[in-house]
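S.K.: Read top to bottom, the protein sequences are chains A and B. Residues 1144 to 1444 in the working numbering are what the first sequence spells out, letter by letter. Residues 85 to 371 in the working numbering are what the second sequence spells out, letter by letter. Backbone N, C-alpha and C define an ideal beta-carbon position, used for all residues, glycine too. Values in this document were obtained by computation on a predicted structure and should not be read as measured data.
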Amino acid sequence: MHTTTDAPGAAPTRPTGRRRPLTGSLLARRLLAHGATYLVLAVAAVLTLGPFLFSVMTAFTSTRQFAQEGPLSFPAPPVLENFIGLFSSQDGFVTPVVVTVQMVAVILVGQMVFSVLAAYAFAQLRFPGRDLLFWVYIATLMVPQVVVVVPLYLMMSEVGLRNTFWALVLPFVLGSPYAIFLLRENFRGVPSELMDAMRIDGAGTLRLLWHLVVPLNRAIIVTLVLITVVTHWNNFMWPMVITSGPEWRVITVATSALQSQYNNNWTLVMAGTTLAMLPLVILMVVFQKQITRSVGDATLR
Amino acid sequence: MNSRRPLLGWLLIAPSLIGVTAFLILPVVLAFVVSLFRWDLLGTRRFIGLENYTTLLSSGALTNSLLVTGIFTLISVPVSLALGLVLATQLVRALPGSAIVRVIVVIPWVCAPLALGVVWKWIFQPSVGALNQILGVRIEWLTDTSLALPAVAFVAIWQNVGYISLFFQAGLTRIPDSIYEAARIDGAGPAQQLWFMTIPLLRPTTFFLAVTQVVASFQVFDMVYALTGGGPQRRTEVIASLIYNEAFEASRLGRASAVAVILFLLLVVITLIQQRWFSRRITYDMS
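#1: What is the DSSP secondary structure of residue 1284 of chain A, counted as helix, strand or coil?
#2: At the 9 Å Cβ level, is residue 192 of chain B part of the contact set with chain A, yes or no?
#3: Grouping DSSP H, G and I as helix and E and B as strand, with all else coil, what is residue 101 of chain B?
#4: What residues in the segment 1240-1269 of chain A have a beta carbon less than 7 Å from any beta carbon of chain B?
#5: Going along the chain, which residues of its own chain have a beta-carbon closer than 6 Å to the beta-carbon of residue 1396 of chain A, five neighbours each way excluded?
#6: By alpha-carbon positions, which one of B:104, B:256, B:275 and B:155 ends up nearest to residue 319 of chain B?
#7: What residues in its chain sit with their C-beta under 7 Å from that of residue 1405 of chain A, if we drop five residues either side in the sequence?
#8: Would you give the residue range spanned by the beta strand (DSSP E) that residue 122 of chain B belongs to?
#9: Starting from residue 1387 of chain A, find everything on chain B with Cβ-Cβ shorter than 7 Å and list it in chain order.
#10: Take residue 186 of chain B as the anchor and find which of B:144, B:287 and B:253 has the nearest alpha-carbon.
#11: Taking Cβ positions only, does residue 128 of chain B come closer than 9 Å to chain A?
#12: When the cut-off is 9 Å and only beta carbons count, does residue 287 of chain B lie next to chain A?
#13: Would you say residue 266 of chain B lies against chain A (beta-carbon separation less than 9 Å)?
#14: I want to know whether the segment 1254-1266 of chain A touches the segment 1314-1327 of chain A - three or more CB-CB distances under 8 Å.
#15: Specify, as a first and last residue, the run of the alpha helix (DSSP H) that residue 1327 of chain A falls within.
#16: Taking Cβ-Cβ distances below 7 Å as the criterion, which residues of the segment 1336-1370 of chain A are in contact with chain B?
#17: Can residue 225 of chain B and residue 232 of chain B be called in contact, C-beta distance under 9 Å?
#18: Quick test of the definition: if touching needs 3 or more C-beta pairs under 8 Å, does the segment 1281-1289 of chain A touch the segment 292-305 of chain B?
#19: Identify every run of the alpha helix (DSSP H) within the segment 158-226 of chain B, keeping only runs that are complete inside it and at least 4 residues long; order them along the chain.
#20: Any idea which residues DSSP pairs residue 130 of chain B with across the strands?
#21: Measuring only between beta-carbons, confirm whether residue 324 of chain B sits less than 9 Å from chain A.
#22: Does the Cβ-Cβ distance between residue 298 of chain B and residue 354 of chain B come in under 9 Å?
#23: My assumption, with CB atoms under 8 Å, is that residue 1365 of chain A sits in contact with residue 1254 of chain A. Please give the rounded CB distance.
#24: Counting along the chain, where does the alpha helix (DSSP H) carrying residue 1351 of chain A start and finish?
#25: Candidates A:1182, A:1270 and A:1308: which alpha carbon is nearest residue 179 of chain B's?
#26: Does chain B have any CB closer than 9 Å to the CB of residue 1198 of chain A?
#27: Shorter than 9 Å from the beta carbon of residue 207 of chain B to some beta carbon of chain C?
#28: Put residue 1429 of chain A into one of helix, strand or coil per three-state DSSP.
#29: I want to verify the contact list: residues of chain A whose CB lies under 7 Å from the CB of residue 109 of chain B, in sequence order.
#30: Nearest-angstrom Cα distance between residue 143 of chain B and residue 332 of chain B?
#31: In this structure, does DSSP put residue 88 of chain B in helix, strand or coil?
#32: Leaving out five residues on either side along the sequence, give the residues of the same chain with a beta carbon under 8 Å from the beta carbon of residue 1351 of chain A.
#33: Identify every run of the alpha helix (DSSP H) within the segment 1359-1431 of chain A, keeping only runs that are complete inside it and at least 4 residues long; order them along the chain.
#34: Counting contacts by CB-CB distance shorter than 9 Å, is residue 235 of chain B in contact with chain A?
#35: Taking residue 246 of chain B and residue 1416 of chain A to be in contact with their CB atoms under 8 Å, please state how far apart those CB atoms are, rounded to whole angstroms.
#36: Report yes or no: do the segment 341-357 of chain B and the segment 1314-1325 of chain A share at least 3 C-beta pairs separated by less than 8 Å?
Structure follows, in structure tokens:
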């Protein structure tokens, strides 16, 4: 192994085989290397969590303590007055939480059902115009929300749907080109022998989808469900533009309104941001494997 | 293997086709139309041809927001890619404990940019903000005309580094260990390995990330809205903020649509250029 003849001025080219006894300098270098890694990881973790810790701490601090001791004081004692305030006031967070959950649920079900149907057709059926249509779907992936927000606002106003629940969900509920694209790629891999066997047994398209195609592609569907929930729970621009007043306010819009309304009441505002973020942080920690894997599947967002 | 069932095919596609046509294609067409009108929130409208475009070009608002978006992109994309790569190289060593860090660093990415923007607005507050308290200074992070945009870019970087590192981790685990062993035997140190091997071998991942991050940063809105709303003195008014402010603050839907059309064309051009570049790169790699 010691063929260091053509390694000019080589740093100690000791082979780093795993079973060799650690000599002093090697041990030192390993410690140093591990130390540097741990330093990077620790800095990353602290910088990432710091803002969350500050905001959660402040959410549990009484307004009085915050005014006296500033933002870095540990809540003593921790109080719930900010959260109680959020849920008891007239334009509080009860409605936004309910509206957001309803909106995400309706969009999720609609997008999944209609995307699965379309993806199956694109992947497994032949019909005139299929390839052209699929190309059009792909092209619409380039259209960002901010470009269509003004015309969509005008369309919804024109048909009298401004400030309604329908306006919140309608643009998204009929399926997403992105989901259809990902699902189609995966549905193409379903073995045709299995599908033929089920058809011979007299299964219709819906049974075929529900009992064969969907179970076989559970992984990508779970990934898409997570992406859809995160995207629409966090969506802000469209709900803010198309709704007015507290009736159909979603949680992001309520957080923003809270901040501008109670400009210096930061303990209350931090209780609001904590509520807005907590469900997704929990979701993320529970489904970390799927989310990490989604990086392989999902090539957008 | 594909079965030929035209009616069924169209039936299954119908809902999504209605959605795509009504809520993506029609609005883009409509944006072009509205941009030719003087059109306010009350519905009053008058055809004015290209006046919205000429006004935008001469008023400086469009140039300003293109510049702001450009600077924002030039800061946030390279920095978050570089930091994401560094973080990924440390995470893939899979030392005990790094699994937790891998989860932690992705948390900001699942949170609403609007809510994160509000949290950071509070952290940046001059007197009651955590940052100035820790540093023991009194800096007007978000209202100083030269600090506001870097501050906004910083928050965007903070949110994205962990997510970006996921892609680099995936890319790094695809590089076979044998290559590094060969390099070590030839006497390449860690820095040389990073520069001459890791970075070139990660080029497809880096390219993909650069493309998606540039496109995403041309659309950034929520975070800017929460942090600064576009101020001070339009120093953080990115393109999306300009569209929003023109349409829903100034009640000039026509002019907002003109900005939207320009953004759309810009994104199409960026995508086309990158696609050409991408296909060329692929053939280069395979030769």
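M.R.: Taking the geometry as given:
#1: The residue given as residue 1284 of chain A occupies position 141 in the first sequence. Coil at residue 1284 of chain A, not helix or strand.
#2: To locate residue 192 of chain B, count along the second sequence from 1; it is residue 108. Answer yes: the Cβ-Cβ gap between residue 192 of chain B and chain A drops below 9 Å somewhere.
#3: Taking the first residue of the second sequence as 1, we reach residue 101 of chain B at position 17. Helix at residue 101 of chain B.
#4: 1257, 1258, 1260, 1261, 1263, 1264, 1267, 1268 and 1269
#5: Your numbering for residue 1396 of chain A matches position 253 in the first sequence. Closer than 6 Å at the Cβ level, and outside the excluded window around residue 1396 of chain A, lie 1382 and 1383.
#6: Locating residue 319 of chain B in the second sequence gives position 235, where the first residue counts as 1. Minimum Cα distance to residue 319 of chain B is reached at B:155.
#7: Position 262 of the first sequence, counted from the first residue, corresponds to residue 1405 of chain A. Correct list, in chain order: 1411 and 1412.
#8: If you number the second sequence from 1, residue 122 of chain B lands on position 38. Start and end: 121-123.
#9: Residue mapping note: residue 1387 of chain A aligns to position 244 of the first sequence, counting from 1. Those within 7 Å of residue 1387 of chain A in chain B number zero; the least Cβ separation is about 11 Å.
#10: The residue labelled residue 186 of chain B in the question sits at position 102 within the second sequence. When only C-alpha atoms are compared, the closest one is B:253.
#11: Here residue 128 of chain B refers to the residue found at position 44 of the second sequence. So no, residue 128 of chain B is outside the interface.
#12: Here residue 287 of chain B refers to the residue found at position 203 of the second sequence. No, residue 287 of chain B does not count as interfacial toward chain A.
#13: Counting from one through the second sequence, the residue named residue 266 of chain B turns up at place 182. Taking Cβ atoms only, chain A never reaches closer than 9 Å to residue 266 of chain B, which makes this a no.
#14: yes
#15: Against the first sequence, residue 1327 of chain A aligns to sequence position 184. That run of the alpha helix (DSSP H) goes 1320-1330.
#16: 1348
#17: Numbered from its first residue, the second sequence carries residue 225 of chain B at position 141. Numbered from its first residue, the second sequence carries residue 232 of chain B at position 148. Yes, Cβ-Cβ distance for residue 225 of chain B and residue 232 of chain B is below 9 Å.
#18: yes
#19: 182-188, 191-194, 197-207 and 214-219
#20: Indexing the second sequence from 1 puts residue 130 of chain B at position 46. Per DSSP, B:122.
#21: For the purposes of this step, residue 324 of chain B is taken as residue 240 along the second sequence, with counting starting at 1. It does: the Cβ of residue 324 of chain B has a partner Cβ on chain A nearer than 9 Å.
#22: Working through the second sequence from its first residue, we reach residue 298 of chain B at position 214. Working through the second sequence from its first residue, we reach residue 354 of chain B at position 270. Closer than 9 Å, so yes.
#23: The count along the first sequence starts at 1 and reaches residue 1365 of chain A at position 222. The count along the first sequence starts at 1 and reaches residue 1254 of chain A at position 111. 14 Å between Cβ atoms; not a contact.
#24: Looking up residue 1351 of chain A in the first sequence gives position 208. Segment 1348-1351, the alpha helix (DSSP H) holding residue 1351 of chain A.
#25: By 1-based counting over the second sequence, the position of residue 179 of chain B is 95. Nearest C-alpha to residue 179 of chain B: A:1182.
#26: The count along the first sequence starts at 1 and reaches residue 1198 of chain A at position 55. Answer yes: the Cβ-Cβ gap between residue 1198 of chain A and chain B drops below 9 Å somewhere.
#27: Among the protein chains in the structure shown, which are A and B, there is no chain C.
#28: By one-based count along the first sequence, residue 1429 of chain A stands at place 286. It is helical.
#29: One-based indexing of the second sequence puts residue 109 of chain B at position 25. Within 7 Å Cβ-Cβ: 1283.
#30: In the second sequence, counting from the first residue as 1, residue 143 of chain B sits at position 59. In the second sequence, counting from the first residue as 1, residue 332 of chain B sits at position 248. Taking the straight line joining both Cα atoms gives about 19 Å.
#31: Position 4 of the second sequence, counting from 1, holds the residue named residue 88 of chain B. Looking at residue 88 of chain B - three-state DSSP - the assignment turns out to be strand.
#32: As a first step, residue 1351 of chain A is located in the first sequence; it is residue number 208 there, counting from the start. The answer, listed in chain order, is 1338, 1341 and 1342.
#33: 1361-1377, 1380-1385, 1394-1404 and 1409-1429
#34: Taking the first residue of the second sequence as 1, we reach residue 235 of chain B at position 151. False, the Cβ-Cβ gap to chain A never drops below 9 Å.
#35: Reading the second sequence from its first residue, position 162 is the one you call residue 246 of chain B. Reading the first sequence from its first residue, position 273 is the one you call residue 1416 of chain A. Rounded, the Cβ-Cβ distance is 19 Å, inconsistent with contact.
#36: no
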